[in-house]
Amino acid sequence: MPQITQVTFTIVATALALYITYELWKRAQSCGAEPAEQEDADAPQESHTSEIEPQKAESDLQGDISRVYIYYGSQTGTAERFARALALQLAAWNEAFQSNAINLEDWEEEKISQPGATAIFTVATHDDGLFPDNAIDFVKWLGKRGKEGSTLRGLRFCIFGLGSSEYPLFNHAAKTLQKLLQKAGAHELLSITLGDDAGDLKGDFNQWSVKLCEVLANEFRIPPPQLSTQSRGKHLKVTDSWRDKVPLELRYVSSSPEDRERHPNIANVVCKQQWQCTDHVVLDNFNMTPNGDSQTNCLRIKPDSAFSPAETVNILYSNPPHVVKYFMGKLRLKDADLDRVITFVPRYGSTETQMDFEPPFPVPCTIRDALFYYLDLTGLPDEDILEEMGTFLQTAQACLLFNKMLNNKSLIKRMREELHVTLPEFVEIFMEDALFNMGGFLQIVKKKVPKAYTISSHPDVQTDSIDCTVKLVTFPIHSFKSFRSSLKKTLGYKVSPGIGNFFVKQRNYEGACTRYLCSLKQGDTVKLFRRPSAFSSVEGLGSRHLVMIANGAGIAPFRAFWQDEARDKKRILFLGFRTEAHILYADEVEQLKTMPNYTVHIALSRSKTPMYVQHILRKNMEQVGEILKADGVVCVCGSKPMGAQVKAIIQHFTKTDIAELKANGRFIEELW
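First residue of the sequence shown: 1, per the UniProt record's numbering; consecutive thereafter.
#1: To which residues does DSSP link proline 346 through a beta bridge?
#2: In its own chain, which residues sit with a C-beta less than 8 Å from the C-beta of arginine 368, not counting the 5 before and 5 after it?
#3: Considering only the alpha carbon of each residue, which of Leu371, Glu383, Ser519, Gln522 lies closest to lysine 447?
#4: Quick check: tyrosine 69 and alanine 79, are their CB atoms within less than 8 Å of each other?
#5: Determine the DSSP secondary structure at lysine 179, reduced to helix, strand or coil.
#6: With a threshold of 16 other CB atoms inside 10 Å of the CB of asparagine 285, please say whether the residue is buried or exposed.
#7: Would glutamate 108 be called buried (16 or more neighbouring beta carbons within 10 Å of its own) or exposed?
#8: Keeping to the same chain, check which residues put their C-beta closer than 7 Å to that of tyrosine 326; ignore five residues upstream and five downstream.
#9: Does serine 410 get closer than 8 Å to chain B when you measure Cβ to Cβ?
#10: Please determine, among Val547, Lys608, Leu541, Phe160, the residue with the shortest C-alpha to C-alpha distance to valine 634.
#11: Would you report the Cα separation of serine 543 and aspartate 568, rounded to the nearest angstrom?
#12: Could you check which residue in Arg251, Asn314, Met288 has the C-alpha nearest to that of lysine 272?
#13: Where does leucine 406 sit, in a helix, a strand or coil, going by DSSP?
#14: Terminal residues of the continuous alpha helix (DSSP H) containing methionine 642?
#15: To the nearest angstrom, how far is it from the Cα of valine 281 to the Cα of threonine 296?
#16: Regarding asparagine 94 and the ligand NAD, is the C-beta to nearest heavy atom distance less than 7 Å?
#17: According to DSSP, is valine 210 part of a helix, a strand, or is it coil?
#18: Helix, strand or coil for cysteine 468? Go by DSSP, reduced to three states.
#19: Under 8 Å, with one C-beta from each stretch per pair, do the region 99-118 and the region 138-158 reach the 3-pair mark?
#20: The alpha helix (DSSP H) spanning proline 557 covers which residue range?
#21: Which word fits glutamine 226, buried or exposed, when buried means at least 16 other C-beta atoms lie within 10 angstroms of its C-beta?
#22: Could you tell me the alpha carbon to alpha carbon distance between serine 607 and valine 470, rounded to whole angstroms?
#23: Alpha helix (DSSP H) containing arginine 81: first to last residue?
#24: Where does isoleucine 159 fall in DSSP's three states?
#25: In three-state terms, what does DSSP make of threonine 239?
#26: Quick check: the Cα distance between arginine 507 and serine 479, rounded to an integer number of angstroms?
#27: If you follow the alpha helix (DSSP H) that tyrosine 326 is in, where does it begin and where does it stop?
#28: Using the rule of at least 16 other Cβ atoms within 10 Å of the residue's Cβ for burial, across every protein chain shown, is glycine 390 buried or exposed?
#29: Spell out a yes or no on whether the region 549-568 and the region 617-637 are touching, meaning 3 or more CB-CB pairs, one atom from each, closer than 8 Å.
#30: Do you know how far the Cα of aspartate 196 is from the Cα of glycine 163?
#31: Taking the straight line between their C-alpha atoms, what separation do you get for lysine 179 and tyrosine 373?
#32: Determine the direct distance from the alpha carbon of valine 323 to that of arginine 221, and round the result to whole angstroms.
#33: Does the beta-carbon of isoleucine 572 have 16 or more other beta-carbons within 10 angstroms, so that it is buried, or is it exposed?
#34: Enumerated in chain order, which unbroken segments of the alpha helix (DSSP H) with a length of 4 residues or greater are wholly contained in the region 384-468?
#35: Identify, in the order they occur along the chain, each residue of the same chain with its Cβ nearer than 8 Å to the Cβ of alanine 198, setting aside the five sequence neighbours on each side.
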């Protein structure tokens, strides 16, 4: 029986093999005939899915990823820096992603409107809930698309917002952008994340980046990157080089700064702001409170063109001479070197190459302008910049101490908020052995953001001058005596004999910008550019009934309004100052009291009967209610605490929704 089974099995197997061989021969014959039969391009093609389709899917996948765009709306450069870091991170994960981030000022309708596009936004909230300047045109376009219906159905998006919970309209710009995109029909890939500068903004961004990568990996069916939401800390090594942190090289040139382009194609928002600044002559500068215990100046500047009342001037202020002198020593520069003209080129490039790269600040320029105007040599930069500065350290021991300092969050916070440590003080304490290279230093150090001041004059009254109200910010601060003990205890810091006295000397805080502006003399020049403010952006505001509420230098925009000769509209002013000696534009305020359409209320917080502007507002809410009923506008300018209380009072007593008033342009505020 087993023999029969074996024979049978052999016969069957042989027959089966012959059958399979025959079928394969038949197919081969058919396939050989196909080319002749399918010369007609319109003839039906046989579908082959096992090999060709996956390749096609991969091709489509790469195309989808290539339509992922990262945009930034940034005023001071932080949102831009986050966007650029994200772009590099995605490109390192998968080369199909684009490695550059796009300035929202340079957005293209064709890209963002194409089917399958994905837009990733990092957007900061500027001033009182406003969008950054570079996002305004895009937001206007987006609003129009929303009114036309769902015209961006093919767009997917996600948003990381940058703001501070210390401000009333926390991340308002990011929230508004989200609503506008949804109204235009776009689909949200990942829930909006609101980063908080009052907390751990960098940590918020890192966690959002990890979630974003997970969503993108799932969306495009690619392996996710190996990322962690946990901070890895700073691990600076003595072998780390500043050359790995900067993309450009310094060059000395014979050309003049006047030779540079007036309107270069630059995406860097801070560099673009600096580039816009032009020289204006100072006509006058005087202290309006000579009998007070503080100083507030009226700075009078010659305009270069017509201006609007309550516009904003953005001033590129100068670093203090003694600070520049300190860093000249660190960079081994002499006075004669300050007038040498410099520029930047790509690595291994030449000055003959057309500038198709992003310079760190306007070039060509003198070393003098770079040190005095373009670099922020006073403020303490964020930890990322400090870490890059650490690449100038020369010993492993110094790097070890530096890492301990950077990874101690409470220590960093104390240096910023309590001690107000300046950049020269930081270098003196933690970077004594650093050897700075000027090309690297100029690129790494934080760049200066022009400071905004509201114009406090009306062009119909003062056609030949722009007035700015500037309060000198100065106050005594702690010495480093107790700080030295903390450094020794937490970091093992040892004070070198050369800087022992540095830790015990008295210290005084001075606002870098206000100190500079209050020191300007007639005939000096100041660098600035102008832009609309929250007040000047509202069309026809000067022809409406107004309630104007301010404390201190917040009076600036309202002076521009009261200089207008219109007498047929009601004006109610609520002004707060310390004492009578601190009242700004006192003579003009007294004159307003005699005008029939003006009602002036003044609160003095340091008089025999102390009173704040909020108190006199509460007592006169009936007048405010009448203005609102007459379709008037409430304007508030001054400190954040004052502004918050004013809103609460008005909402409580008038039973009106402040958000609705703001949406209708009937409640405007600028707070700091």
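Every residue, glycine too, gets a C-beta built ideally from N, C-alpha and C.
The short version:
#1: On the sequence shown, residue 346 is found 346 positions in, with the first residue counted as 1. Answer is Leu248.
#2: Counting from one through the sequence shown, the residue named residue 368 turns up at place 368. Same-chain partners within the cutoff: Leu338, Asp339.
#3: The sequence position of residue 447 within the sequence shown is 447, counting from 1. With distances taken between Cα atoms, lysine 447 lies closest to Leu371.
#4: On the sequence shown, residue 69 is found 69 positions in, with the first residue counted as 1. On the sequence shown, residue 79 is found 79 positions in, with the first residue counted as 1. Result no, Cβ atoms of tyrosine 69 and alanine 79 do not sit closer than 8 Å.
#5: One-based indexing of the sequence shown puts residue 179 at position 179. Lysine 179 falls in the helix class under three-state DSSP.
#6: As a working note, residue 285 is residue 285 in the sequence shown. Classification of asparagine 285: buried, given that the 10 Å Cβ count is 16 or more.
#7: Within the sequence shown, residue 108 is the residue found at index 108, counting from 1. Looking at its Cβ environment, which holds fewer than 16 other Cβ atoms inside 10 Å, glutamate 108 is exposed.
#8: Stepping through the sequence shown from its first residue, residue 326 is reached at position 326. For tyrosine 326, where only same-chain residues beyond five positions count, the Cβ hits under 7 Å are Pro424.
#9: The structure shown has no chain B; it contains just one protein chain.
#10: Counting from one through the sequence shown, the residue named residue 634 turns up at place 634. Valine 634 has its Cα closest to that of Val547, out of Val547, Lys608, Leu541, Phe160.
#11: Counting from one through the sequence shown, the residue named residue 543 turns up at place 543. Counting from one through the sequence shown, the residue named residue 568 turns up at place 568. One C-alpha to the other measures close to 9 Å.
#12: What you label residue 272 is simply residue 272 of the sequence shown in a count that begins at 1. Comparing Cα-Cα distances from lysine 272 to each of Arg251, Asn314, Met288, the minimum goes to Asn314.
#13: Along the sequence shown, one-based indexing puts residue 406 at 406. In this structure, leucine 406 counts as helix in the three-state DSSP scheme.
#14: Working through the sequence shown from its first residue, we reach residue 642 at position 642. Counting along the chain, the alpha helix (DSSP H) containing methionine 642 begins and ends at 640-654.
#15: Within the sequence shown, residue 281 is the residue found at index 281, counting from 1. Within the sequence shown, residue 296 is the residue found at index 296, counting from 1. The straight-line gap from Cα to Cα measures roughly 20 Å.
#16: With respect to small molecules bound, the structure shown includes none, and the ligand NAD cannot be examined in it.
#17: Here residue 210 is taken as the residue at index 210 of the sequence shown, counted from 1. DSSP places valine 210 in helix when its eight states are reduced to three.
#18: As a position in the sequence shown, residue 468 is number 468, starting the count at 1. Three-state result, cysteine 468: strand.
#19: yes
#20: As a first step, residue 557 is located in the sequence shown; it is residue number 557 there, counting from the start. First-last of the alpha helix (DSSP H) with proline 557: 556-562.
#21: Counted from its first residue, the sequence shown places residue 226 at position 226. So glutamine 226 ends up on the exposed side.
#22: For the purposes of this step, residue 607 is taken as the residue at position 607 of the sequence shown. For the purposes of this step, residue 470 is taken as the residue at position 470 of the sequence shown. Spanning the two alpha carbons is a distance of roughly 23 Å.
#23: Here residue 81 refers to the residue found at position 81 when the sequence shown is read from its first residue. Note, arginine 81: alpha helix (DSSP H), 78-93.
#24: Locating residue 159 in the sequence shown gives position 159, counting from the first residue. It is a strand residue.
#25: Stepping through the sequence shown from its first residue, residue 239 is reached at position 239. It is coil, neither helix nor strand.
#26: Mapped onto the sequence shown, residue 507 falls at position 507. Mapped onto the sequence shown, residue 479 falls at position 479. Roughly 6 Å between the two C-alpha positions.
#27: In the sequence shown, counting from the first residue as 1, residue 326 sits at position 326. Residues 321-330.
#28: As a first step, residue 390 must be located in the sequence shown, where it is residue number 390. The residue is buried, with at least 16 neighbouring Cβ atoms inside 10 Å.
#29: yes
#30: By one-based count along the sequence shown, residue 163 stands at place 163. By one-based count along the sequence shown, residue 196 stands at place 196. Cα to Cα, the separation comes out at about 5 Å.
#31: Reading the sequence shown from its first residue, position 179 is the one you call residue 179. Reading the sequence shown from its first residue, position 373 is the one you call residue 373. Near 39 Å, if we compare the C-alpha coordinates of tyrosine 373 and lysine 179.
#32: Along the sequence shown, one-based indexing puts residue 221 at 221. Along the sequence shown, one-based indexing puts residue 323 at 323. Cα to Cα, the separation comes out at about 54 Å.
#33: In the sequence shown, counting from the first residue as 1, residue 572 sits at position 572. With 16 or more Cβ atoms within 10 Å of its Cβ, isoleucine 572 is classed as buried.
#34: 396-406, 409-417, 423-430, 438-444
#35: Numbered from its first residue, the sequence shown carries residue 198 at position 198. Same-chain partners within the cutoff: Ser164, Ser165, Glu166.
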